[in-house]
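Everything below concerns the one structure shown next.
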Amino acid sequence: MCSPGRAPPGPAPAGDLPPEWETDDERMAFLFSAFKQSREVNSTEWDSKMAFWVGLVLARGRRRGAVRTCLRDLQHGFERRGSLPLGLGTVLRELLRYRRGAAGPGGPPAVGAEGREGRGGWL
1 MCSPGRAPPG PAPAGDLPPE WETDDERMAF LFSAFKQSRE VNSTEWDSKM
51 AFWVGLVLAR GRRRGAVRTC LRDLQHGFER RGSLPLGLGT VLRELLRYRR
101 GAAGPGGPPA VGAEGREGRG GWL
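At position 117 of the sequence shown the residue is numbered 117 (full-length UniProt numbering), and the sequence of numbers has no breaks.
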C-alpha cells in the first residue's frame, strides 16, 4: 500500500528503459494499454506485454534493492510522455500469483531463477 502523504518516485532513468521506449510509439501504445480480460483472447500479445512489464518491474526492483512497491508508484515510475501504463495492476497480480505457485502455463514470462533470488521475494 502506498503512503498517502508521500510523493511517488520519479520516472525510471532513461538508461534503464528499452530502446523502443523512445523510438516506437505504436509498440509503446500497445504496451501502455490495459490487458485483455482473458489471456485466451490472444495469448501471444498478452504474454509479450507481460514479459515486457515483468522485466522492467524486476529490473527496477533489483536496481532499488527490493521490489516493494505499490501500483501508483510503479505507474508514476514508468510514466511516458504524460501517459501511465494501464496494465501494471495485472502485472502485479500475476507476479503475486506466480510467487505463490498458482501460475500454471502462461505464468509471467521472463521470470526465471533471477526472479526468485534475493531477500523476501519480489513484492
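Every residue, glycine too, gets a C-beta built ideally from N, C-alpha and C.
Membership of Ala29 in the alpha helix (DSSP H) is indicated by the continuous run Asp25 to Phe32.
Residue Phe30 holds the alpha-carbon nearest to the alpha-carbon of Ser48 among Arg64, Arg63 and Phe30. In this structure, the alpha-carbon of Pro85 lies about 19 Å from that of Ser43. Under the three-state reduction of DSSP output, Arg80 falls in the strand class.
Distances from the alpha-carbon of Phe52 to those of Leu96, Pro19 and Ser38 put Pro19 closest. Here Gly87 carries a coil assignment [DSSP, helix/strand/coil]. Going by C-alpha positions, Arg81 is about 16 Å away from Asp73. Shown here, Gln75 sits in a helix according to DSSP, grouped into three states. In terms of Cβ geometry, Lys36 and Glu26 do not form a close pair [threshold 9 Å].
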